[in-house]
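Since the structure comes first, as structure tokens, the remarks are kept for the end.
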Amino acid sequence: MEMKQIEIDFEVYQAIEAERRSFSEPANAALRRLIGIESGYSDDDESFASLDDGAWSSKGVTLPEETSLRMEYNGSVKRAFISKGKWKTPRGIFNGPSPAAAAVATTKDGKTPTLNGWIYWRAKLPGTREWVPIQELRDKAKGR
């Protein structure tokens, strides 16, 4: 796709940044969404897989069906769970941690932030009692 450079004012830039669903989502994808043009960009900043058993998998981390998820943001606890290989939140269904985090979080001034969900979410795997940071699971998968 051919790209062109354009000048935009700061308010337009802020609107584009507020629309971005993850740190790695291109600004162009957010702008296309804002003006109603299909983007073709993945709904997550990672490649992911929905497994046949309902689990979700990305970056060496597999979260089984019915994994409970929680994150704290701005003084409140946000919740989600894995179902049919997706992140289900009170605000929608997402392919991964970053768009799910952005969907449930709100800044103090009521805006939607761009978040790295790997940093925020903790998982309680089925049959366990502990909440484990998913970044920790990712680090273990990478051998760190």
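For the sequence shown, the numbering used here begins at 590 and goes up steadily by one.
Ideal Cβ placement from N, Cα and C applies to all residues, glycine included.
Values in this document were obtained by computation on a predicted structure and should not be read as measured data.
Residue i to residue j, Cα distance in whole Å?
i, j, result
"residue 688", "residue 704", "8 Å"
"residue 723", "residue 707", "6 Å"
"residue 609", "residue 682", "16 Å"
"residue 606", "residue 621", "12 Å"
"residue 623", "residue 693", "19 Å"
"residue 604", "residue 652", "33 Å"
"residue 726", "residue 657", "15 Å"
"residue 673", "residue 597", "41 Å"
"residue 659", "residue 712", "7 Å"
"residue 601", "residue 719", "43 Å"
"residue 591", "residue 626", "16 Å"
"residue 630", "residue 664", "Any answer about residue 630 is weak, because its pLDDT of 42 lies below 50 and its placement is not dependable; what the coordinates show is given next. Residue 630 and residue 664: Cα-Cα distance of roughly 32 Å."
"residue 702", "residue 615", "15 Å"
"residue 641", "residue 729", "24 Å"
"residue 599", "residue 619", "16 Å"
Select from the options the residue whose C-alpha is nearest the C-alpha of residue i.
i, options, result
"residue 643", "616, 684, 664", "684"
"residue 690", "655, 666, 649", "666"
"residue 668", "641, 686, 653", "686"
"residue 731", "649, 702, 673, 616", "649"
"residue 617", "595, 600, 599", "595"
"residue 647", "671, 597, 664, 626", "671"
"residue 662", "710, 673, 615, 726", "710"
"residue 717", "623, 624, 645, 655", "655"
Could you give the DSSP three-state label for residue i: helix, strand or coil?
i, result
"residue 597", "coil"
Under 8 Å, with one C-beta from each stretch per pair, do the stretch 668-684 and the stretch 695-702 reach the 3-pair mark? no
At 3 residues or longer, and completely inside the stretch 650-716: list those beta strand (DSSP E) runs for me, N to C. 650-652, 657-662, 665-672, 675-678, 681-683, 711-713
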